[in-house]
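Numbering (this note's numbering), first residue to last: 1370 to 1642.
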Ligand SMILES: [Zn+2]
């Protein structure tokens, strides 16, 4: 008898959970499609994030809807005495949502909270160098992403990423790419692909190995040494360049660009940045 009661309760809880998830998704989709960004937030974007004005009209409108939904769901806190402002919330939301412009059904489901530090964070970190040797050293982090729903960002670097739109360096884009990659708790440079896994693995695997070899012989590359430390970093750094230097990215890595385009579904090589 008890087992039937337990099964019944579990079934009811599951039904409530499905219903609640459905309502949340409906509410979010409504905000993305019809949400109005307050005029003071629009002014922040116009003044501090020049990329928005250069987006095609449809993408600019969708980005603003995504920002409304992002701000509705995600919480922020300051660390090191930093007080969170609207400017911080809006710029972080807008840069993170760039990655969802072409991905109609994607969302940062796992991301709950963003911690903002005034400056870069100094930490000891173990990383594998281009020669495959683990090293422990003190590093300055502009951001960090965890699979349990949190990212940390340095405000100084975040602001730079928003205002300087074509240098290939954008910490919010970088950590947001990690969040998409970590959605399956793997963090392996392979986000949820909706198919085409073999081609993705083949192209990214080949380009990653090529980059590691370039680093080993000290050869300069667009993506740089940090992208060669792990496939997840390769994907995150690649995403920064894909959104900030699409034309150059396509020219130097046409096969990689094709894979990123298949995933992000935004032709950034056509953006005039
Ligand atoms: Zn990273």
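Built from N, CA and C at the ideal position, the CB exists for glycine as well.
For clarity, every value in this text was computed on a predicted model and none was experimentally measured.
How far does the alpha helix (DSSP H) with residue i in it reach, from first residue to last?
i, result
"residue 1603", "1600-1613"
"residue 1569", "1566-1585"
"residue 1461", "1455-1466"
"residue 1397", "1371-1403"
"residue 1429", "1426-1442"
"residue 1410", "1408-1417"
"residue 1549", "1540-1550"
"residue 1421", "1420-1423"
Can you tell which of the options has the C-alpha that lies nearest to the C-alpha of residue i?
i, options, result
"residue 1492", "1509, 1485, 1498 and 1486", "1509"
"residue 1537", "1613, 1386, 1431 and 1455", "1613"
"residue 1563", "1528, 1378 and 1473", "1473"
"residue 1461", "1449, 1530 and 1422", "1530"
"residue 1636", "1389, 1428 and 1385", "1428"
"residue 1445", "1583, 1520, 1619 and 1424", "1520"
"residue 1421", "1381, 1532 and 1391", "1532"
"residue 1602", "1642, 1619 and 1560", "1560"
"residue 1443", "1490, 1451, 1411 and 1458", "1458"
"residue 1632", "1621, 1608 and 1575", "1608"
"residue 1450", "1406, 1484, 1440 and 1590", "1484"
"residue 1325", "1486, 1604, 1552 and 1555", "Any question about residue 1325 goes unanswered here, given that the chain covers just 1370 to 1642."
Where do the N-terminal and C-terminal ends of the beta strand (DSSP E) with residue i fall, by residue?
i, result
"residue 1639", "Here residue 1639 belongs to no beta strand (DSSP E), and DSSP marks it neither H nor E."
"residue 1486", "1482-1486"
"residue 1500", "Note, residue 1500: premise wrong, no beta strand (DSSP E); not H, not E."
"residue 1524", "It is not in any beta strand (DSSP E) - residue 1524 instead sits in the alpha helix (DSSP H) that spans 1524-1532."
"residue 1514", "1512-1515"
So residue i and residue j are supposed to be a Cβ contact under 8 Å. How far apart are they, rounded?
i, j, result
"residue 1437", "residue 1404", "3 Å"
"residue 1518", "residue 1482", "6 Å"
"residue 1380", "residue 1634", "The Cβ separation is near 38 Å, so there is no contact."
"residue 1625", "residue 1576", "5 Å"
"residue 1593", "residue 1606", "7 Å"
"residue 1413", "residue 1455", "7 Å"
If you draw a straight line from the alpha carbon of residue i to that of residue j, how long is it in whole angstroms?
i, j, result
"residue 1394", "residue 1435", "13 Å"
"residue 1525", "residue 1373", "57 Å"
"residue 1638", "residue 1534", "14 Å"
"residue 1424", "residue 1630", "16 Å"
"residue 1398", "residue 1431", "11 Å"
"residue 1528", "residue 1384", "43 Å"
"residue 1590", "residue 1582", "11 Å"
"residue 1392", "residue 1585", "51 Å"
"residue 1453", "residue 1371", "50 Å"
"residue 1557", "residue 1551", "8 Å"
"residue 1418", "residue 1610", "17 Å"
"residue 1578", "residue 1623", "16 Å"
"residue 1640", "residue 1617", "11 Å"
Given 8 Å, three or more beta-carbon pairs between the region 1457-1470 and the region 1530-1549: With the cut-off at 8 Å, the region 1457-1470 and the region 1530-1549 touch.
Could you say if the region 1511-1521 and the region 1547-1554 meet the contact criterion of at least three C-beta pairs nearer than 8 Å? Yes: at least three Cβ pairs fall under 8 Å.
Looking at C-beta atoms only, is the number of pairs between the region 1494-1509 and the region 1591-1607 that lie closer than 8 Å three or more? As far as the Cβ criterion goes, the region 1494-1509 touches the region 1591-1607, which means the pair count is three or higher.
Taking contact to mean at least 3 C-beta pairs separated by less than 8 Å, is the region 1476-1493 in contact with the region 1561-1579? The region 1476-1493 is not in contact with the region 1561-1579.
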